[in-house]
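What follows is one structure encoded as structure tokens, with my remarks underneath.
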Amino acid sequence: MFDHVLIVGNNRPFVVALLMVDEVAISEYASNNGFINGEEAVDSEKFNKEINGLISRINKKLNHWERIRGFHLVTETLTIEAGELTPSMKLARKRVQKRFEEEIEHMYKGYV
31 MFDHVLIVGN
41 NRPFVVALLM
51 VDEVAISEYA
61 SNNGFINGEE
71 AVDSEKFNKE
81 INGLISRINK
91 KLNHWERIRG
101 FHLVTETLTI
111 EAGELTPSMK
121 LARKRVQKRF
131 EEEIEHMYKG
141 YV
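And the structure:
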């Protein structure tokens with residue numbers, strides 16, 4: 031379902047995740063679940079409930095300080111040319127965090 035996942039939590043009050051949606055997998059999900067396209071599927075309540083369920087199952091296996099408390103679905107394709115992926119197709123963590131800085135900060139918004 032996802033190409034990459036970036037976990038953010040260092041020097042933060044809790045852990046959040048950027049989930050980079052796999053275009054092919056989401057298109058397949060969309061056609062199997064009656065959506066017009068992948069974008070409609072990603073925006074749907076059904077898809078978000080499934081992702082919340084997945085994260086809940088993952089969190090059950092983690093210590094409380096490791097648990098993911100928020101996520102953001104990234105539908106933009108990351109590229110080597112933009113410096114977001116290394117030549118071996120790994121995430122360039124700092125570059126991706128910088129690109130999605132606003133989305134990350136939004137997940138921490140309201141924390142006291």
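Following the working numbering, the numbering of the sequence shown begins with 31 at its first residue and continues without gaps. Heads up, the beta-carbon is just placed ideally off N, CA and C, and yes, glycines get one too. Since this is a predicted model, take the numbers as computed values, not measurements.
Residue i, buried or exposed, once every other Cβ within 10 Å from all chains shown has been counted against 16
i: Y59; result: buried
i: A47; result: buried
i: E132; result: exposed
i: L92; result: exposed
Euclidean distance between Cα positions of residue i and residue j
i: G39; j: K124; result: 13 Å
i: K79; j: K120; result: 28 Å
i: N82; j: E96; result: 16 Å
i: T116; j: R87; result: 30 Å
i: K90; j: D52; result: 24 Å
i: E111; j: A122; result: 12 Å
i: Y138; j: S61; result: 34 Å
Opening and closing residue of the alpha helix (DSSP H) in which residue i lies
i: F77; result: 75-89
i: M137; result: 131-138
Element boundaries [beta strand (DSSP E), containing residue i]
i: A47; result: 45-51
Which residues DSSP lists as bridging residue i, in chain order
i: H34; result: M50
i: L103; result: L49
i: I98; result: V45
Would the region 48-56 count as touching the region 100-109 if we require 3 or more Cβ pairs under 8 Å?
Yes: the two stretches touch, three or more of their Cβ pairs being nearer than 8 Å.
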